[in-house]
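K.L.:
Number of protein chains: 2
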Amino acid sequence: MLTLRQMRYFDALATTLHFGRAAKMTNVSQPALSAQIMEMESDLGIRLVERGRSGVILTPHGETLLPEIRAILLAVDGLYDRARQSTGVLEGRLRLGIIPTVAPYLVPTLIPMLRQRYPKLNVELRELLTTGCVDDVKHGKLDCAIIALPHNDDSLRSCTLFEDRFLIASADDENTVLLSPMTEAQVDMDRLLLLEEGHCLRDQALAVCGSTAGRRVANYGATSMATLLQMVSHGMGITLIPEIAVKDERTRNRMRIVPFADPQPSRRIGLVWRPRSGRNNDQEALAALITEAAAELLEG
Amino acid sequence: MLTLRQMRYFDALATTLHFGRAAKMTNVSQPALSAQIMEMESDLGIRLVERGRSGVILTPHGETLLPEIRAILLAVDGLYDRARQSTGVLEGRLRLGIIPTVAPYLVPTLIPMLRQRYPKLNVELRELLTTGCVDDVKHGKLDCAIIALPHNDDSLRSCTLFEDRFLIASADDENTVLLSPMTEAQVDMDRLLLLEEGHCLRDQALAVCGSTAGRRVANYGATSMATLLQMVSHGMGITLIPEIAVKDERTRNRMRIVPFADPQPSRRIGLVWRPRSGRNNDQEALAALITEAAAELLEG
DNA sequence: GATTATCGATAGGATAAACCTATCATGCTC
DNA sequence: GAGCATGATAGGTTTATCCTATCGATAATC
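Going line by line, the protein sequences match chains A and B. Anchor point for the first sequence: position 295 equals 295 in UniProt numbering, and the numbering is continuous, going up by one each time. Anchor point for the second sequence: position 228 equals 228 in UniProt numbering, and the numbering is continuous, going up by one each time.
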């Protein structure tokens, strides 16, 4: 089997046209180089060089293969270069999963920031439910994901990005009096609209409003926050809205949005990744940037 | 130092995403493959794969390098293919030297024949004096050469291609009576025109006509057969013309060309090459073709 | 929740590849 | 013909690579 070592020796031999000098160039003894060249010729089944008393002549075969061999050696050296270069932070491809109740609000702010600060980064976004995010991160289909913590899989590492408070949204002509601030107990469960199953926000809303036995829930599940809030603005009910969505949804739907009384309920948004991924620097830098983006979204 | 073996193992690992299966694919034990991958990562200074309990995931680095590594492996396989393919007769480059008193007459016939019968052959022609031909063949600057035999260098091998008879050429209005056939003794040395020094034909002409002491020779030396024969046709003298040149030169100059009496003097044209060149098949095929081309030239 | 299966890493010893020094045979130069 | 230079060969050593057996940890299963 042909080896790179043999090619390197042949390269030196073709350069010097002299076994001794080629050996010196490759820091090896002349017999060693000679043996490797012979081995190479035997492997390929052709004579590469013509041994003469006054040095060496490449055979036509040798001359044919030389440029290809040199190209291979260059490509191999290129591997080292590329390996060395690509040790920077947030470079190359990053596959990022985001849950649907975060993605549409965070992405428009986050992506431009990423593009600006880490121009070498090529982000691939996927909007997935929590389970999808976690599974795909675990199986290496995603590098990391933005989900609501805590997650139940301790084979993944996570860190908190920001707290996302819940508020109550209703149509602005809602006849039911919404107190501000209101307590969870005041939420009329009959009128509470939720996302369809699978969305963590649905479970969180239920938890917040106390889905104790006996309290019924409107069993229609909206497919997205946008749909849900549209329903709310048309007076079909009320819902829990995460603060991160407020700014954006206000521009689209006329709604009345009131906070909960302290201690305000919230969800904790975090980043999850495989502990073995070895991209700690990347995760850290990404987390910092997301936190910054979220702060911008939440301040106004 | 990175090796091709490691790259092959990595290729298999990236394909199977499983150390055990990759090991089976490469006909090696799992620990051996594992060790090579680790060695590779250590060499490159980066993690290539992420070891998990359910198989393997490529790191971004690994994914970046994979296509390059596969390209390298393909190129190496290509070396074998090319080596195997190029074992045919008269393929690739052939650098052929020809002496000036043969080249202009043989080449127009020889080259088309070569092109037709050996389309994969790329002939590089060089017109050189005998010494140049021999030296360049010896030093590997030419693969072989067509010269007049015998040559004095026994480090080269040679074979006869064809016999090239000498004739006497004069202007067709030459007032000196040229007998036909004529003997060497009848040549008027005062009127004998020769090529400049270095051409073997000059020495052969002198040898034929007996350059015994006392017989002077016109000391003007023509630079080529064409020039020489032009001078002859203008009545400036007579000269020895090799039969191979007769057909072509007759169409350009009006001359009277008469043979020598038997035994007709001639030169032996042959092919020379390095015995170590290992292209015996090539030399043989080429010699056969040249003989054929010469026969065509000489028959008419 | 204990058991079993699977996966990659590790240990220890064997085999093969690659190397080095010293020497040889041959051709070239003076 | 002596001396020099070149690549090949010989014999012994070091280094790479490999294999079998086993381990520790995780994932799947009962």
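The beta carbon of each residue, even a glycine, is placed where N, CA and C say it ideally should be. Please read all numbers here as calculations on a predicted model, not as lab measurements.
Let me confirm a value: P275 of chain A is counted as buried when at least 16 other C-beta atoms fall within 10 Å, else exposed. Which label applies?
P.N.:
Exposed is the call here.
K.L.:
On the premise that L4 of chain A lies in contact with L4 of chain B, defined as a C-beta separation below 8 Å, what is that separation, rounded to the nearest angstrom?
P.N.:
The pair is a contact, with the Cβ atoms about 5 Å apart (cut-off 8 Å).
K.L.:
Report, in whole angstroms, the separation of the C-beta atoms of I290 of chain B and L110 of chain B, which I expect to be a contact under 8 Å.
P.N.:
Between L110 of chain B and I290 of chain B the Cβ distance is about 6 Å, and since that is below 8 Å, they are a contact.
K.L.:
Does DSSP put L94 of chain A in a helix, in a strand, or in coil?
P.N.:
It is a strand residue.
K.L.:
Any idea which residues DSSP pairs residue 301 of chain A with across the strands?
P.N.:
No information on residue 301 of chain A is available, as it lies outside the stretch 1 to 300 that chain A covers here.
K.L.:
Please report whether the beta-carbon of R276 of chain B lies at a distance below 9 Å from any beta-carbon of chain A.
P.N.:
R276 of chain B counts as touching chain A.
K.L.:
Quick one: residues in its chain with C-beta nearer than 7 Å to the C-beta of Y9 of chain B, no 5 flanking neighbours on either side, listed in chain order?
P.N.:
Closer than 7 Å at the Cβ level, and outside the excluded window around Y9 of chain B, lie A22, T26, L33, Q36 and I37.
K.L.:
Taking the continuous beta strand (DSSP E) assigned at A121 of chain B, which residues delimit it?
P.N.:
According to the sequence displayed, residue 121 of chain B carries Leu and not Ala. Unbroken beta strand (DSSP E) run through L121 of chain B: L121 to E127.
K.L.:
For residue 312 of chain B, would you say it is in contact with chain A, using Cβ-to-Cβ distances shorter than 9 Å as the test?
P.N.:
Since the first and last residues shown for chain B are 1 and 300, residue 312 of chain B lies out of range.
K.L.:
What are the start and end residues of the beta strand (DSSP E) that includes M182 of chain B?
P.N.:
It is not in any beta strand (DSSP E) - M182 of chain B carries neither H nor E in the DSSP assignment.
K.L.:
For E292 of chain B, write down the residues that DSSP places opposite it in a beta bridge.
P.N.:
For E292 of chain B, which the question treats as bridged, DSSP gives no partner whatsoever.
K.L.:
Taking all protein chains shown into account, decide if A12 of chain A is buried (16 or more other Cβ within 10 angstroms of its Cβ) or exposed.
P.N.:
Buried: at least 16 other Cβ atoms inside 10 Å.
K.L.:
Give the C-beta separation of L271 of chain A and I146 of chain A to the nearest angstrom, bearing in mind that I take them to be a contact with Cβ-Cβ under 8 Å.
P.N.:
Right, the Cβ-Cβ distance comes to about 6 Å (below 8 Å), so this counts as a contact.
K.L.:
Name the chain B residues that come within less than 9 Å of R51 of chain A, Cβ to Cβ?
P.N.:
Result: R276.
K.L.:
Between the alpha carbons of L194 of chain B and A285 of chain B, how many angstroms are there, rounded?
P.N.:
Each residue's Cα considered, the two are about 34 Å apart.
K.L.:
Quick one: is S158 of chain B buried, meaning 16 or more other Cβ sit within 10 Å of its Cβ, or exposed?
P.N.:
Buried, since its Cβ has 16 or more Cβ neighbours within 10 Å.
K.L.:
Alpha carbon to alpha carbon, how far is D173 of chain B from I238 of chain B? Give it in angstroms, no decimals.
P.N.:
Distance between the alpha carbons of I238 of chain B and D173 of chain B: 12 Å.
K.L.:
Between the segment 256-286 of chain A and chain B, which residues of the former have a C-beta closer than 9 Å to a C-beta of the latter?
P.N.:
Listed by position along the chain: R274, R276, S277, G278, R279 and D282.
K.L.:
If we count the other Cβ atoms within 10 Å of its Cβ and call it buried at 16 or more, is M1 of chain A buried or exposed?
P.N.:
Exposed, because fewer than 16 other Cβ atoms sit within 10 Å of the Cβ of M1 of chain A.
K.L.:
Rounded C-beta distance between R84 of chain A and E124 of chain A? I'm assuming under 8 Å.
P.N.:
R84 of chain A to E124 of chain A, Cβ: 25 Å. No contact.
K.L.:
State buried or exposed for A245 of chain B, treating a residue as buried only when at least 16 other CB atoms are found within 10 Å of its CB.
P.N.:
So A245 of chain B ends up on the buried side.
K.L.:
Measuring CA to CA, which of B:A205, B:L228 and B:H199 is closest to V187 of chain B?
P.N.:
Cα-wise, what sits closest to V187 of chain B is B:A205.
K.L.:
Measure how close the beta-carbons of H197 of chain B and G221 of chain B come, nearest whole angstrom, since I'm counting them as under 8 Å.
P.N.:
In the sequence on display, residue 197 of chain B carries Glu and not His. Yes, E197 of chain B and G221 of chain B are in contact; Cβ-Cβ is about 6 Å, under 8 Å.
K.L.:
Kindly indicate which three-state DSSP category L297 of chain B falls into: helix, strand or coil?
P.N.:
L297 of chain B: helix per DSSP, three-state reduction.
K.L.:
What number of angstroms, rounded off, separates the C-alpha of P67 of chain B from the C-alpha of I98 of chain A?
P.N.:
Approximately 29 Å, taken between the alpha carbons.
K.L.:
Identify, in the order they occur along the chain, each residue of the same chain with its Cβ nearer than 6 Å to the Cβ of T160 of chain B, setting aside the five sequence neighbours on each side.
P.N.:
Once the five neighbours on either side are set aside, the close Cβ partners of T160 of chain B are R268 and G270.
K.L.:
From E39 of chain A to A71 of chain B, what distance separates their C-alpha atoms?
P.N.:
Distance between the alpha carbons of E39 of chain A and A71 of chain B is about 24 Å.
K.L.:
What in chain B is Cβ-close to I46 of chain A, meaning under 7 Å?
P.N.:
A83 and T87, listed in chain order.
K.L.:
Between the segment 131-146 of chain A and chain B, which residues of the former have CB atoms less than 8 Å from a CB of the latter, in chain order?
P.N.:
Residues passing the 8 Å Cβ filter: H139, G140 and D143.
K.L.:
Residues in the same chain with beta-carbon distance under 6 Å from C200 of chain A, minus the five sequence neighbours each way, listed in chain order, please.
P.N.:
T130 and A148.
K.L.:
Given a limit of 8 Å on CB to CB distance, which residues of the segment 68-81 of chain A reach chain B?
P.N.:
Flagged, chain order: E68, I69, A71, I72, A75, V76, G78, L79 and Y80.
K.L.:
What are the boundary residues of the alpha helix (DSSP H) that includes M40 of chain A?
P.N.:
Counting along the chain, the alpha helix (DSSP H) containing M40 of chain A begins and ends at Q30 to L44.
K.L.:
Enumerate in chain order the residues of its own chain whose CB-to-CB distance from Q264 of chain A is below 6 Å, with the five nearest sequence positions on each side excluded.
P.N.:
Contacts found: R165.
K.L.:
Hey, quick one: how far does the beta strand (DSSP E) through R279 of chain A stretch, first residue to last?
P.N.:
Careful: R279 of chain A lies outside any beta strand (DSSP E) and carries neither H nor E.
K.L.:
Just how far apart, CA to CA, sit H49 of chain B and L17 of chain B?
P.N.:
The question names His, yet the displayed sequence has Val at residue 49 of chain B. Taking the straight line from one Cα to the other gives about 9 Å.
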